[in-house]
Amino acid sequence: MRILLTNDDGYNVEGILLLREELKRYGEVILVAPKVVQSAKSCAITIGPLNIEKVDELTYAVEGTPIDCVLFGLCHFEGIDLIVSGCNNSPNMGVDTIYSGTCAACTQALIANVPAISFSCAGKDYFSQITKFSKYALDYIFDNNLLSTDYFLNVNFPDGKYEDIKGINLTKLFYQRIKYQTGSYENGVFISHRKMDMSIKDSSYDVGSFNEGYISITPLSTSNFNLDVFNKVAKEIE
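Each residue of the sequence shown is one higher than the last, beginning at 792 in the numbering used here.
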């Protein structure tokens, strides 16, 4: 298998380097990732030329977004069988999947008709979990034939030691209600504040599964730009 690996945190950070070593169990790994942090860039794309540094034959640093990295990887290397993004240094669940550069890379994979998996964990202090958690999750995905070009798989590792993990849940996306609060604005600098309810314990959802100590695997697709909603509205105006 030929795997294209990217992220939104940078080509040389611990999360992606650890994940690369684990992915080598499954095939050849080509790392194409941003040169600097591109967190929360969602599906942003660079219009025009890209500066790209060849680190070695299988590693490239891109002065651009995760989407730029995926596009370069697919154009420069033939026969990519799987695109993997991560491991992110904080969870990507619920509403945050819309803003996530980690998840956006997988959205671009779907557009290119390539299966994809995104990985995130509770924080950079938990990167040591990657060596056990990722194999556990990947074996589950491969053993159950979960890869598809209709959706990508958004995987979140919870807090805690590997021995304390309760298992893996296939989950739904939980859309948290967000309350935006008064932000600070001084000397031309604005900082916004938001409050989200993350207390859900229903483990059928990604957030609840994370809270209850499970690895969550959530299928996400471009049809989350919901065709059912379109059909409902269209029917109402007929």
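C-beta: ideal position from N, C-alpha, C; glycine also. All of these numbers come straight from a predicted model, not from anything done at the bench.
With a threshold of 16 other CB atoms inside 10 Å of the CB of residue i, please say whether the residue is buried or exposed.
| i | result |
| --- | --- |
| Arg-968 | exposed |
| Glu-844 | exposed |
| Ile-838 | exposed |
| Glu-848 | exposed |
| Cys-1035 | In the structure as shown, the chain starts at 792 and stops at 1029, and residue 1035 therefore has no counterpart that could be examined. |
| Tyr-1005 | buried |
| Leu-901 | buried |
| Cys-912 | buried |
| Val-823 | buried |
| Met-792 | exposed |
| Tyr-851 | buried |
| Gly-892 | buried |
| Gly-864 | buried |
| Ser-994 | buried |
| Phe-1001 | buried |
| Gln-899 | buried |
Determine the DSSP secondary structure at residue i, reduced to helix, strand or coil.
| i | result |
| --- | --- |
| Val-804 | coil |
| Asn-1015 | Residue placement at Asn-1015 cannot be trusted, given a pLDDT of 49 that sits under 50; the coordinates are not used to answer. |
| Tyr-927 | helix |
| Tyr-1005 | coil |
| Ser-919 | helix |
| Ile-794 | strand |
| Ile-991 | coil |
Could you give the first and the last residue of the continuous alpha helix (DSSP H) run that contains residue i?
| i | result |
| --- | --- |
| Thr-940 | Taken as a continuous stretch (DSSP letters only), Thr-940 belongs to no alpha helix (DSSP H), as it is neither H nor E. |
| Gly-1002 | It is worth fixing the name first, because residue 1002 is Asn in this sequence and not Gly. Residues 997 to 1002. |
Just curious, the beta strand (DSSP E) that residue i is in, first and last residue?
| i | result |
| --- | --- |
| Ser-983 | 980 to 987 |
| Arg-816 | Per DSSP, Arg-816 belongs to no beta strand (DSSP E) and is neither H nor E. |
| Thr-962 | Premise fails: Thr-962 is in no beta strand (DSSP E) and is neither H nor E. |
| Lys-952 | Looking at the DSSP string, Lys-952 is not in any beta strand (DSSP E), and its letter there is neither H nor E. |
| Gln-972 | 969 to 977 |
Where residue i and residue j are concerned, what is the direct C-alpha to C-alpha distance, given to the nearest angstrom?
| i | j | result |
| --- | --- | --- |
| Asn-904 | Asn-798 | 19 angstroms |
| Cys-929 | Ser-983 | The residue asked about is misnamed: residue 929 is Leu in this sequence, not Cys. About 37 angstroms. |
| Gly-855 | Leu-873 | 21 angstroms |
| Phe-1016 | Ile-889 | For Phe-1016, the predicted model reports a pLDDT of 47, less than 50, meaning its position is unreliable; a value from the coordinates is still stated below. Phe-1016 and Ile-889: Cα-Cα distance of roughly 11 angstroms. |
| Gly-806 | Ser-909 | 12 angstroms |
| Val-946 | Cys-878 | 9 angstroms |
| Leu-796 | Asn-803 | 12 angstroms |
| Tyr-953 | Gln-920 | 7 angstroms |
| Phe-924 | Phe-948 | 7 angstroms |
| Leu-814 | Gly-999 | 27 angstroms |
| Val-1094 | Asn-978 | Because the chain spans 792 through 1029 in this model, residue 1094 falls outside it and cannot be assessed. |
| Asp-859 | Ile-836 | 6 angstroms |
| Gly-818 | Tyr-996 | 31 angstroms |
| Asp-988 | Val-875 | 29 angstroms |
| Ser-1012 | Pro-882 | 18 angstroms |
| Val-820 | Val-828 | 21 angstroms |
| Arg-985 | Ile-1008 | 26 angstroms |
| Phe-965 | Pro-825 | 29 angstroms |
| Tyr-931 | Glu-869 | 27 angstroms |
| Leu-841 | Glu-1003 | 42 angstroms |
| Phe-918 | Asn-880 | 8 angstroms |
| Cys-834 | Leu-938 | 21 angstroms |
Examine the ligand ADP and report whether any of its heavy atoms sits within less than 8 angstroms of the Cβ of residue i.
| i | result |
| --- | --- |
| Ala-835 | Looking for the ligand ADP in the displayed structure turns up nothing, as the structure carries no ligands at all. |
Check: Mind pulling the alpha helix (DSSP H) runs of 4 or more residues that sit fully within the stretch 832 to 914?
Finding: 857 to 867, 887 to 890 and 892 to 902
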